[in-house]
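Undergrad:
Chains as they are written, first to last, in this note's numbering: chain A, 52 to 235; chain B, 3 to 387.
1. Establish whether the CB of residue 24(B) and some CB of chain D are separated by less than 9 Å.
2. Of all the CB atoms in chain B, is at least one closer than 9 Å to the CB of residue 90(A)?
3. Taking only the alpha-carbon atoms, compute the straight-line gap between residue 173(A) and residue 230(A) and give it to the nearest angstrom.
4. Going by beta carbon distance, what residues of the same chain come within less than 8 Å of residue 14(B), once the five residues before and after it are set aside?
5. Which term fits residue 226(A), buried or exposed, when burial requires 16 or more other beta carbons within 10 angstroms of its beta carbon?
6. Between residue 215(A) and residue 208(A), what straight-line distance do the alpha-carbon atoms span, to the nearest angstrom?
7. Going by DSSP in three states, residue 209(A) sits in which element: helix, strand or coil?
8. Please state the DSSP three-state secondary structure of residue 214(A).
9. Buried or exposed: where does residue 4(B) fall if 16 or more other Cβ atoms within 10 Å of its Cβ makes it buried?
10. Between residue 303(B) and chain A, is any beta-carbon pair separated by less than 9 Å?
11. Whole angstroms is fine: what's the gap from residue 352(B)'s alpha carbon to residue 279(B)'s?
12. Would you kindly report the start and end of the unbroken beta strand (DSSP E) that includes residue 173(B)?
13. Quick check: the segment 13-30 of chain B against the segment 60-68 of chain B, are at least 3 beta-carbon pairs closer than 8 Å?
14. Quick one: what's got a C-beta closer than 7 Å to residue 106(B)'s C-beta in the same chain, skipping five residues either side?
15. What do you get for residue 155(A), buried or exposed, if any count of 16 or more other CB atoms within 10 angstroms of its CB means buried?
16. Just how far apart, CA to CA, sit residue 236(B) and residue 158(B)?
17. In this structure, what does DSSP give as the bridge partners for residue 273(B)?
18. Taking all protein chains shown into account, decide if residue 135(A) is buried (16 or more other Cβ within 10 angstroms of its Cβ) or exposed.
19. How would you label residue 269(B), buried or exposed, when you count the other beta carbons within 10 angstroms and need 16 or more for buried?
20. Using a Cβ-Cβ distance under 9 Å, would residue 80(A) count as near chain B?
21. How many whole angstroms separate the CB atoms of residue 185(A) and residue 84(A), which I take to be in contact at a CB cut-off of 8 Å?
22. So, residue 125(B) versus residue 115(B), is the Cβ gap smaller than 9 Å?
23. Taking the alpha-carbon positions, what's the residue 138(A) to residue 185(B) distance?
24. Exposed or buried, residue 38(B), counting other C-beta atoms within 10 Å across all chains shown (16 or more means buried)?
25. Beta-carbon of residue 67(B) versus every beta-carbon of chain A: anything under 9 Å?
26. Taking residue 104(A) as part of the alpha helix (DSSP H), name the residues at either end of that continuous run.
27. Whose C-alpha, out of 140(B), 239(B), 329(B), is nearest the C-alpha of residue 360(B)?
28. Measuring only the C-alpha atoms, how far is residue 104(B) from residue 179(A)?
29. Go through the segment 235-308 of chain B residue by residue and report every complete run of the alpha helix (DSSP H) that reaches 4 residues or more, in order.
30. In this structure, how does DSSP classify residue 344(B) when only helix, strand and coil are distinguished?
31. Would residue 182(A) pass as a contact of residue 220(A) if the rule is Cβ separation under 9 Å?
32. Out of curiosity, what's the CA-to-CA distance linking residue 89(A) and residue 228(B)?
33. Roughly how many angstroms lie between the CA atoms of residue 199(B) and residue 102(B), to the nearest whole one?
34. Using 9 Å as the limit for Cβ to Cβ distance, is residue 5(B) near chain A?
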C-alpha cells in the first residue's frame, strides 16, 4: 500500500492530538496495519498551534515525523497558513469551512466542510468536534473502516460519551459523502 | 487477562516505560513531574496503589531521589522519572546510591538544555551528565531505546541490572520516544526474566555485613529497618557500612565501585544491528535518532549503497569492544545524535582512525531527519550535495 502521512493541525484544546491517537490506534490495533503517532506542541495547555503527525503503512515506520503530508487537516487559520506549504502536490487538504479560509496558492485538493457548525447544531456543544473531523477524514481516505473506528472510540471513552461520539462520527461521514479524494 | 494472553495496546514511550517497570516489579515511585516525563509519574500514581505499592509526589527532585534510595534500602524496587533540570538536582543522591550501592532506576526523558531549555522539544544532551553528573570517580549504567517495544524491554533490563549489580541505572529516553505512540505487546508475566532482590541468608541475631561480597561478588541485602541492624553512609565505608579512612579499605571500595561495571561492559552491552555485514559506511546512533539513521540506511540499501547501522541501547559503560569490532572494516563512521558529539567523542577514542568518525547532529529541538543524514554523508563520501 501507499504510505499515508497525515499532518493534523489546529489549536490546543480542539482535540487534534486525541483525533490523531484514535486514527493511529484504529489502524494499528483494529486493522493490523503499522502506525506511529507523534506530536509537536508548545508549553500552553490551551491555545497555541498544535500539530500531530500520523503515519500509516504496511511496512515498518522508522522516521516517525511527517515532513511532507499527503493529507493535511487544518482547524485554524494559523495552522493552515503554517502547514499548507508542506503539503505534497496532489495531496488532500481537509479544513473546517467556518473556522478556516485557506489561501489559494496550493496544488492540493481542498475540501472544506462545516464540521464545527454541524457538531454545534446537532449536539448542542462542540466537544466532539474532533470526532466529527475524524469521521470526515476516514470517509475521504478510507484508510480504516468505520466499525473499527467505533470500536476504538468505545474502548477509549467512558460510556457516557459513546452516543455523542457516534453521532459526531456519523456527522463527519455524512458531510464528506458528496466529496471524494481524487488521487493520482 | 488470562495468563497466556498478550496485552496489546497503543501507547506512548512513557507508558511503555511504566508497563516495563510494573512488569519488573516496581513498588515505589517518588518524583516531581516535569515535561516530557510527566506521563510516567501520572500513570504510576494510578497504578502503584492498585498493587500495594507507593507513589509520592515530593517537594522537589532532590527529595525524590533521596526517597527512592530509602525505599530501595527498605526492600522495594524503586524508581523516579524526570527531565534535564530535575536530573541535575538528583545528581547528589545518585552519587549516594552509587556509593551505598542502592539498586534503583532513574528515568531521564531528555529535552533540550541547558537549564529549562526547550521543555517540549527533543534533544540527547544529557549523555555525559548520565555518566559524570555526580562527582567523584565511579561507574554507572545508562540505557536507551528507539521504539515503544524496546522502551518496555530496556526498562525491565534496567531493573534487572540495578538489582544484579546494586547500582543506579539511568534510562536516557528523549522527548520523541517518550511521547511517540506505537503498538506495544506485553508478554505474559514470567516470559521475560525478572531479577528479584538478592536477600541475605544471615539469620536474625547474627551479624550481617552489608558490604561483604559473596563468592560471586554480589552483595546480598537486608531490608533496612528489618531483621538486621546496619549502617549506610555516603562516606567511604568498611564491610559493616561504617565510615573508614583506612587507605586499603578506601582503595578497595573505589576499585570495586568502578570495576563491578567497567569489567562487565561486554555483559552490559545491549544493541541492535542492521546491514553491518558488508557495510562500507557504518552509522552509530541511539534513541530516537536511530530511527532516522535506520530510515536512511534502508533507503541507501534500496539504491545499492552499502550503509549499515549499529544502534546502541547501552551507552554506559560505553561498549568499546563492540564499537571497535563493528566499525573495523568501515571506510567511514557516522555518529547520529542530537547533541554536540557526546557519543562521537567516545567512538573517536576507541577506533583506529578517529579522523574517519563524523558527527551528524541537530540542535534545534527537532528530530534529526533522514535528509539531514543523507546530505552530510554524501559530502563526506565525496558524492557531493
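Yeah, the Cβ is synthetic: ideal placement off N, Cα and C, and Gly gets one too. Bear in mind the structure is a predicted one, so any value in this text is a computation, not a measurement.
TA: To lay it out plainly:
1. Absence of chain D from the displayed structure is noted, the protein chains being A and B.
2. yes
3. 21 Å
4. 41, 150, 180, 181, 182, 183
5. buried
6. 11 Å
7. coil
8. helix
9. In this predicted model, residue 4(B) has a pLDDT of only 45, less than 50, meaning its place in the structure is not dependable; the value taken from the coordinates is given anyway. Looking at its Cβ environment, which holds fewer than 16 other Cβ atoms inside 10 Å, residue 4(B) is exposed.
10. no
11. 20 Å
12. 170-176
13. no
14. 70, 71, 74, 80, 81, 99, 164, 170
15. exposed
16. 27 Å
17. 314(B)
18. buried
19. exposed
20. yes
21. No, residue 185(A) and residue 84(A) are not in contact; Cβ-Cβ is about 16 Å, not under 8 Å.
22. yes
23. 27 Å
24. buried
25. no
26. Premise fails: residue 104(A) lies in the beta strand (DSSP E), 100-108, not in any alpha helix (DSSP H).
27. 329(B)
28. 49 Å
29. 249-264, 267-270, 290-304
30. helix
31. yes
32. 46 Å
33. 16 Å
34. With a pLDDT of only 48 at residue 5(B), under the threshold of 50, the placement of this residue in the model should not be trusted; the figure read from the coordinates follows. So no, residue 5(B) is outside the interface.
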